[in-house]
Every structure is written in structure tokens, then in C-alpha cells.
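Taken in sequence, the protein lines are chains A and B. With this note's numbering applied, the first sequence covers 252 to 372. With this note's numbering applied, the second sequence covers 6 to 758. Each residue gets a CB set at the ideal place from its N, CA and C atoms; glycine is no exception. Predicted model only: the values in this text are computed from it and were never measured. Structure, as C-alpha cells:
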Amino acid sequence: MKKLIICLLLINTSVQGYSQDKNKKVSFEVKGNCAMCKARIEKASLKVKGVKYVNWDIASKQLTLILDENKCAPLDVKKAIARVGHDTDSAKADDSTYNDLPPCCKFRDPASIHLDHGTKP
Amino acid sequence: MHLLKNPFNKLILFAILFIVPLVITSQIIISGTVVVNDGKGTAITQSGVHVYWQDSTAMVLTNTEGYFKIPYNKNTKKLVLSFPGYQTDTLDANRPNIGKILLQKEIDLEEVIVRNKIKPLQKSLFEVQNVVTVDSKEMLKAACCNLSESFETNPTVDVNISDAVTGAKQIQMLGLNSPYLLFTQENIPSIRGASQIYGLSFIPGSWIESIQITKGSGGVQNGYESISGQINSELVKPLSDKLLFLNIYSNNYERYEFNGRFNKKISENLGTGIYVHSNLRNGTIDNNNDGFLDTPLAEQINLMNRWQYMDSEKGWVSFLTLHYLKDKKNTGQVNFEPERDKLTTNYWGSEVQSNRLDISSKVGYVFPDLPYQSIGLQTSYNVHDQNSYYGLNLYNIKQNSFYTNLIFNSIINNTQNKIKAGINYSNDNYGEQANVQALERNDNTIGSFFEYSYDSLEKLSLVAGIRMDHHNKLGTFITPRFHIRYSLWDKASLRGSLGKGVKGANIFAENQQFFASSRSLEITDNSGKIYGLKPEVAWNFGISFIQKLYLWNRVLDFSADFYSTQFQDQVVIDWEDPRKISFYNLDGKSYSNSLQIDLNYEIVQNLDFRATYKYYDIRVDYRSGSLTKPLQPKHRFFTNLSYETLRKSNGTQWRFDYTLHWQGEQRLPNTASNPNEYQLASFSPSYALMNTQATRVFSKKFEVYIGGENIANYTQNRVILGSDDPFGPYFDSTILYAPVLGSTYYVGLRYKL
């Protein structure tokens, strides 16, 4: 009986080890500038099925996600973000979407990055 | 459409129809002028100041006149001004023309001041429920010695005086008295049962950090009792409050108050605070020469100790609050001496003594890995003991209450869909003595609730809640509540709400003023379980609209709401026979409809104007027929003007405030069966009350204020019927429609560190 329990426990933990995490915390960089970008990035990410929670930090440009790995992968989120005009390491926004962004959100412009976030002159 | 007959309403309609499209189509430019202090106390313009939106990149510089123009960025709204050698200033751009902005010199060892430009009375566009938030700055506009007086500059809540003897201030929302409101203190129900009449004066104004007023049915989390609204007060918190606060106040009627707050941070995560309030009124005032005191003699001692623990990394938040109060009021005929004349017919007099102890604790835990998931436990215990007599009427009440609430917050799928679920238990033990009648009663409730909120992240959001309760006297019942918000267009929201409320009426505690009359008591037993009466059940629905827009480059808020409360059952309080007061269950219809229209506008820089019109239609089927609610004006008008000067570099500032309340005629309870000399007219005259205040800020630490209430000196002609024969059959102090006290002038000072 004891052996059986140990056996079951082992199987269980090994299954757990290979299984997908339902509350996986993922973090990656998303290019952007301001609070308008934040709203756009967060809305696009949250609409991906399986994403539970999002927060894009303006200062560090890190997007923190909690997602269900059974339902989506970080790449799905990156693609969704690219579709609204923001770049990540593995998905870039196409030029026409990017060009439609308001001036303060044009993160590819080096001047905009230089002047970023209330850094004192 | 009688509403359109009012020229004021037409003007507003005109304003909406014509201004809205103009604002929506034009690009908004924010402009302003930056000035600095030249060192001799005069302000000079400053060129080359960097002006940009927080978290944004577009930047402009001020020109040689210190002037700048920048396209509005609606996402951040926070405008940052920076210039070497000066403190960087961040302000809310709440209007296109910001006017003069004074930059302060950078001073070492002193913290950077981020000026609070947020309006003290805030109405949200995005909140699903119709909530008005009042912060501590707004409360400073009234002499505001306690919670009951803090609503005097706020049109959502009406303040009335319950009777001519005790002077207790009662509040109303949507035309219904305070028993139909749910008061919470940091989301724990308070001011209920025994403390219903006097409880509002037991919370000092200077302890309050902010008040949230929810019109309509509110959420399900705090119980089933709220019918017309919820008022939550947040108290100051040891970790965020000032180190020290001292305030003294006195007025021309010999009322003196003292407030002190002292906070200590024991460690990074733990803080404690000691809060003291005491007041004394010892002036024998009888300006209307009716032989009765116009305002009671009173003394109160109020002590609170709070502990706060906060560890945001591990996700723990916790509070422990201990609050003790002793309050004594003494009133009646000028010659009344309690020791000699108590419960005799020598002179008519009254004493009300209350002792109260409150202990409450809160523990909250936010899951560090799942920031959207949290669990909270609130527990409170209080004892309220009131001993009183009014003339020959004796009334004592003792209430022991225990309340606990466990709440779990989480999401479904993602943070667009939030859920809240919980259980609560409460127990109230009442021991009452009304003259020779002794009443003992034990009420307990166990309930559970579930609330779902949805946010489309665009135009729509809603909250749907339901609760189920089992009460040992009221039975098992379900309370649903629903709220919805929809953005019609830019800066405009439309809201709707629908909900049910249930309560058992504490007829004596809620209507204590009748003891100060010769009215006899009549209760019609209806085989209900509380005083033989059945519970009160009502549905409330409401619709509200808010539009914020720019008019002549300054922000204008317009809002209108309509609420209706329909009683399925009610404990009717019938004053229509001058010989008695009757309590019976409703047989027929009872409703309260209210319409409120608000307009807020900043006329010139730092001069704010607020105007409100309210219309009430409240009708109850009494046994003697269907009548409008007595002592309730149909029309009310409110206006408030406030002005403050720019704060100078040494911290000095002037603040001015003026409020006008106009109340239309009120129906008076029927006195036709009295002899001629004890009869009153059917309606009261209409009248206006004016309050004003000036504050001089001498430095960041010290300020002095002076003010006047009822400065036009309007008082009711005859406040007590039969004051010449207080033990005779016609004595009645309950028909009060206007102030007893004339002009009140006060002075006070505040010191803070």
C-alpha cells in the first residue's frame, strides 16, 4: 500500500513537471514610450486568450504577464502587440500600423527615446 | 414635461446640445505662464522652462514672457515643469488655460512638493457606480467638527436637524433619512441601531481622510441594509498620516473643540497613531426667549488608537483600531437642574449619556505571484450604551454587536472579469427600556455574497452582485444589485443601477426625538418579529449622466441623475395626528423620487463655482390618506463658490469659501386638531442659509480660519409648540423646519508637522 502511494505520488509529480503551468509568469521587453502606449499594449495583450493579467512598466519597458500555457504562448502575445504597433524581440509591427501611432508613441524615433519619460534635461 | 418649464433646465439642455459637438471636434491646446519668485516676494515670468507630459516625449520651452503652449495629452494629464535650480512641478492639466504656475526654489533637506491640484470633490467618469469622493480638503470648508457637519458643502447629502431640543443633525439621501443609508467605516458597517441618531457626531472630522458617497443601492459586499445609498468614511492611517496635527476651535455659543493626532512609525512596516478629540459646549443660550436652551450643553471625550502593518513584498496589510467615546448632552428649560429636577415636573429637561467602545481589525493578503487575487478578513466588536430621559420619558438602550466578513477576490479568465465572493456573520444584542416597557432582542444574520464585474476596456463596464442572507427575525432572503456604465462619447458616461434593500426598523432608536414631545406612542402589531412590525423592503433604481467638457478654455462638469425608491413594505412613521406618533406597516404605496442636476465650473483661475438643483417627490399612503413626506422641501438649490490664492514660496495662502442653501416650502405635520394657539400653518416658508469661511495659511505648518454659519440669521419663529406648558398635552419639539440657532461665528487654528 505504501509503495502504491509513493508510486502514485511520483507519477503525479513527474506529470506535474512536464505539464503546462496554468499561472505562468512571463516577462519581456516591449518597445514603447508613454501612458498611451501602456494602455494600447496592455489592452492588446489581455485580449489574447489565456492571458490573465498584464502590466507594462513605462520606465523599464518590461511587460509582465500571467498566462495559461495550455492556452497560449508568449509569442502569441508578441504577435498581438505587433498588430497594434509595438515591437518585441520576435515580432515587429508593420510600418503602416506603426505610422498610425500618435507622435508621442513613435518609439522607433531615436529623438523620442532620447527625450523619454520626464528625465531631467 | 414640467422639467423644461424651469428656465434653468432649458439653459442646461441648450448647453449640452451646443457645446458638446464643438468640444469633441477641436484639438485641445494647453497653455500657461510659468513664474518664479524674484527673491523679494514678487513673481516674475521665467523663460526656458521645460514643459512636457509625464511619461511622454513631446517637450516645449516657455518663451520670454514665460508662456507655453502644448497639445493636450489625454492619457497622462500630468504636466511636468522643470527648470534648473527649481523644484520640478507636476500638476494635473484639468483645463486648457492653466494660468500662472509658480515654480519653487530647490531647497536642500526639504522634500519636493507635488502640488495637489485635484478637485476636492471628485466625480468619476469611469467608476461603475455613482460615487462622489470628498477628501479632507473639502471637509475643511465647513467648520466641520464631526461627520454630521462634513456634508454641509456637499449637495448630494442633505443635513437636517432632528428636533428643537437635542439639536442632533440628521442626514438624508434621495429624500430618505439616515436609517435607509448604510454607513461604513473603512467598509465595516457602523452607525446603525442604537447609534443611529447621535452616531454621526461621534466621528470627529479631523480623523477622516476621505468620504465616498454612493448614490443608489451600492454593492452587495457590505450587507443588505442599504436602500438609498452608502457612505463610507476612511480614517487617517498611521503610516501615511502627518506626524502631528493639532486643532482648536471655538464659536460665539461657547462651543470649544480640541483635536490632536500623533503618529509614530515603529519600523518600515509598522506604525501606530493616537487620536484625541474633545468638545465642550457650556453656553446657556436662549436667544428666542422660549425658556428652552437653543443648543444643548455638551461634553465629549473621544479617543482612538490605530495600528497599521504593511508589507507590500509579502502581500500583507493589517489594521487594528480601538476607539472609546463618552458623550453627554444636557438640555431643556434654562432653569432645569438635573440633580434637582430630573424626572420631575419642576422644569422640563433632558440628559443623554452615551458610552461606546469599538474594536475592529482587518487583515488582507494579496498573493505575491497572483497580484489579482486577494483574501481579506474584517472583524469588529462594539458596545454602545445610552442612558437618557426626555422630560418624563425614560429611554435606555444597550447594543452589543459583533460583525465579521471574509472576502475573496479573483478573476475569471483575465482581469477584465473580476469576481468577489464572501461570507459574513453579524450578531446584534439589544436591551431597551422605553418608559416602563423593557425590550430584549437578539438579531443574527449569516450571509454570503457573490459579485461579478466586467470591463470591456473600452466603453462598457458593469457590476452584478447577489447576496443571500438568513436572519433569525427577517427570514431568508435574496438581495440582488446591478450597476452598469457606458461611455456615450468623449468624457461622457451614462450609468444605471438597480437594487434591493431590506431592513428591520429600530423604531425607538431611529425616532428618539418623539420622546421630546407629549405625543403618545402607538405601534400596530402586524405579527412581525421586530416590535411586532414586518421588515422594510425596497427597490431602488437610478440613471445618471455625466459630461466633462471645456468651456472658454476651462473645465466644466455637468451631471444629472434621477433615482426612484419604491417600498414594497415600510414601517410608516405617522406624525399626522398631533396627539400621537404611530408606527405601522405600509398598506398601499410609498415612493421617493429624486432628481439632481449639478454644474461645476472654474470661472477664473482658482475660483470654482458649483451649483445644484434638486427636486423631490416623496409620497406615503398614511392611514389618513396619501400625503407628501412632512418637513421635506420639494425644491432645493445649492451653490458654492471657493477661491484660493496662489501659494507663495514661503507657503502663505488665502482660501475663501461661500455656500448658499435655499430650501423651498415644506409641508408641516397636521396640527389642525390643536387649540388655535398651538396650530401651525400647513406649509413652512422657503428660506436660505449662508455659510462662509476664510482661511489664512501662514506656513506649511500653521493656519488660522474664521467663518460664519447661517450668516443671514434665519431662524424658525416658534421651534417648540407648547413651550409655555411643557408637561401639557400640546408640547412638541419635533416640528422643526429651519435652524434654532441664529448666526454662528467661529475661529480655529491648525498646526501640523
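Considering only the beta carbon of each residue, do residue i and residue j sit closer than 9 Å?
i, j, result
"D574/B", "P540/B", "yes"
"T158/B", "V137/B", "no"
"Q313/B", "K331/B", "no"
"Q404/B", "A199/B", "yes"
"Q698/B", "D737/B", "no"
"E214/B", "V241/B", "yes"
"G180/B", "Y621/B", "yes"
"K425/B", "G369/B", "no"
"N335/B", "G354/B", "yes"
"L694/B", "I740/B", "no"
"I2/B", "E515/B", "No answer is possible for residue 2/B: the residues shown for chain B start at 6 and end at 758."
"L107/B", "S654/B", "yes"
"G509/B", "T484/B", "no"
Judging by CA-CA distance, which residue of the options is the nearest neighbour of residue i?
i, options, result
"S393/B", "F567/B, A521/B, V752/B, K585/B", "A521/B"
"G172/B", "F732/B, I725/B, A98/B, D730/B", "I725/B"
"L244/B", "Q305/B, V322/B, V702/B", "V322/B"
"K220/B", "Y596/B, S549/B, E708/B, T650/B", "S549/B"
"I290/B", "H282/B, P301/B, Y280/B, N284/B", "P301/B"
"R723/B", "P690/B, H488/B, Y386/B, F482/B", "P690/B"
"G104/B", "K110/B, N80/B, D140/B, I35/B", "I35/B"
"T617/B", "R628/B, G630/B, N611/B, S599/B", "S599/B"
"L327/B", "R361/B, D299/B, Q201/B", "R361/B"
"W659/B", "L665/B, L651/B, H666/B", "L651/B"
"G337/B", "S687/B, T676/B, A303/B, I428/B", "A303/B"
"N42/B", "K333/B, G71/B, I33/B, V65/B", "G71/B"
"A63/B", "V305/A, D338/A, N284/A", "N284/A"
"G278/B", "R311/B, L251/B, L249/B, N645/B", "R311/B"
"Y619/B", "D566/B, S629/B, N257/B", "What sits at residue 619/B in the sequence shown is Lys, not Tyr. Of D566/B, S629/B, N257/B, the residue nearest in Cα terms is D566/B."
"T384/B", "K594/B, V139/B, N192/B, S129/B", "N192/B"
I think residue i touches residue j, with their Cβ atoms under 8 Å apart; what is that distance to the nearest whole Å?
i, j, result
"D295/B", "S728/B", "4 Å"
"Q668/B", "P638/B", "4 Å"
"I176/B", "S195/B", "Not confirmed; about 14 Å, so no contact."
"Y710/B", "T700/B", "4 Å"
"V576/B", "S255/B", "About 41 Å; that fails the 8 Å criterion."
"I317/A", "N274/A", "6 Å"
"A286/A", "D495/B", "Contact doesn't hold; Cβ gap of about 17 Å is too wide."
"G427/B", "N410/B", "6 Å"
"M178/B", "G234/B", "4 Å"
"C323/A", "K343/A", "Going by Cβ atoms, the distance from C323/A to K343/A rounds to 20 Å, so no, they are not a contact pair."
"A2/B", "I232/B", "Any answer about residue 2/B is impossible in this case: the structure gives chain B only from 6 up to 758."
"K312/A", "V281/A", "6 Å"
Taking only three categories from DSSP, how would you classify residue i?
i, result
"N718/B", "coil"
"T739/B", "coil"
"F513/B", "helix"
"S647/B", "strand"
"T749/B", "strand"
"Y185/B", "helix"
"L685/B", "coil"
"Q637/B", "coil"
"L758/B", "coil"
"V388/B", "strand"
"K273/A", "coil"
"N306/A", "strand"
"K367/B", "strand"
"G533/B", "coil"
"S61/B", "coil"
"P76/B", "strand"
"S206/B", "helix"
"N287/B", "coil"
"V28/B", "Below a pLDDT of 50, predicted positions are generally treated as unreliable, and V28/B, at 40, falls in that range; the measurement from the model is reported next regardless. Reduced to three states, the DSSP call for V28/B is helix."
"I292/B", "Note that residue 292/B corresponds to Asn in the displayed sequence, not to Ile. In the structure shown, N292/B sits in coil (DSSP, three-state: anything other than H, G, I, E or B)."
"N360/B", "strand"
"V119/B", "The predicted model places V119/B with a pLDDT of 38, which falls under 50 and marks its position as unreliable, so this point remains unresolved."
Any heavy atom of the ligand GTP within a distance shorter than 8 Å of the CB on residue i?
i, result
"R311/B", "As for the ligand GTP, it is missing from this structure, which has no ligand bound."
>> Using a Cβ distance threshold of 8 Å, determine whether the region 705 to 716 of chain B contacts the region 671 to 690 of chain B, with at least three qualifying pairs required.
In response: no
> Looking at C-beta atoms only, is the number of pairs between the region 371 to 378 of chain B and the region 334 to 350 of chain B that lie closer than 8 Å three or more?
Replying inline: no
> Does the region 322 to 338 of chain A come close enough to the region 55 to 67 of chain B that 3 or more CB-CB pairs lie under 8 Å?
Replying inline: no
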